[in-house]
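The opening position of the sequence shown corresponds to residue 307 in the working numbering, with each subsequent residue numbered one higher. The beta carbon of each residue, even a glycine, is placed where N, CA and C say it ideally should be. See structure below.
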Amino acid sequence: MIEGIKNIGAFVLGIGFLLLLLLISVLMIQGAVWVGEHVLQWLINLTWFAFAINLLILLPLSFFRKTGMFGGIGMFISSYVFGLTLWFLGLLLTYFTWGFLGVLIGLVLGGVGVVPVAMLAMLLNGELFVLFVLVLLTILTFGLKFLGIYMAGRAEQKNEIYQQEKLAIYEQ
């Protein structure tokens, strides 16, 4: 009899713990949506600014030996601006299209799943321009990350070759 009461108590405690985790999850998602609503316009403006900096300053800098490392690292860092904008946009689109359940499904897919869920929601709703924006931001996020790594590595190789040539000249 006492063992049965202990089992019931453990079961009730377990259910209470799961409900507490669910409440915390709901509050965190609601908080992320609230933050997203308030910072998305700032992030979009910052994204346009980062795009201009990448195109007009960092990309040309990455082609030169002395400044190539700066250009590559700058592109790599700016990819996080695009990624953050993409994530918040995906979160808000998923939330306002498919609600809390859509966001929960997206978050279960590893946190970044809200972006593919938002893409699917926009495709099914016929919002092809918004889908295009999400795809473009995804390409910019990962493209700048890989391009920045490539350009920084290429600049490092150029600097090593230059140093070896310089050393060979001094040895002669």
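Tell me whether residue i sits in a helix, a strand or coil according to DSSP, three-state version.
i, result
"S368", "coil"
"V418", "coil"
"T353", "helix"
"E433", "coil"
"T373", "coil"
Rounded to the nearest angstrom, what separates residue i and residue j at their Cα positions?
i, j, result
"V436", "L443", "11 Å"
"G416", "V345", "22 Å"
"E343", "L398", "7 Å"
"M457", "A338", "34 Å"
"L367", "L349", "25 Å"
"Q469", "I379", "21 Å"
"S384", "I445", "13 Å"
"A427", "Q336", "19 Å"
"L328", "V414", "13 Å"
"N360", "K451", "12 Å"
"G419", "N351", "24 Å"
"W340", "F402", "12 Å"
"L326", "V318", "12 Å"
"M425", "G449", "18 Å"
"L377", "Q347", "Here residue 377 turns out to be Gly, not Leu, going by the sequence shown. About 26 Å."
With the cut-off set at 8 Å, would you say residue i and residue j are in Cβ contact?
i, j, result
"T400", "G389", "no"
"L364", "T447", "no"
"G459", "M381", "no"
"K464", "G374", "yes"
"V387", "A356", "yes"
"L440", "L395", "yes"
"G405", "V423", "no"
"A461", "R371", "yes"
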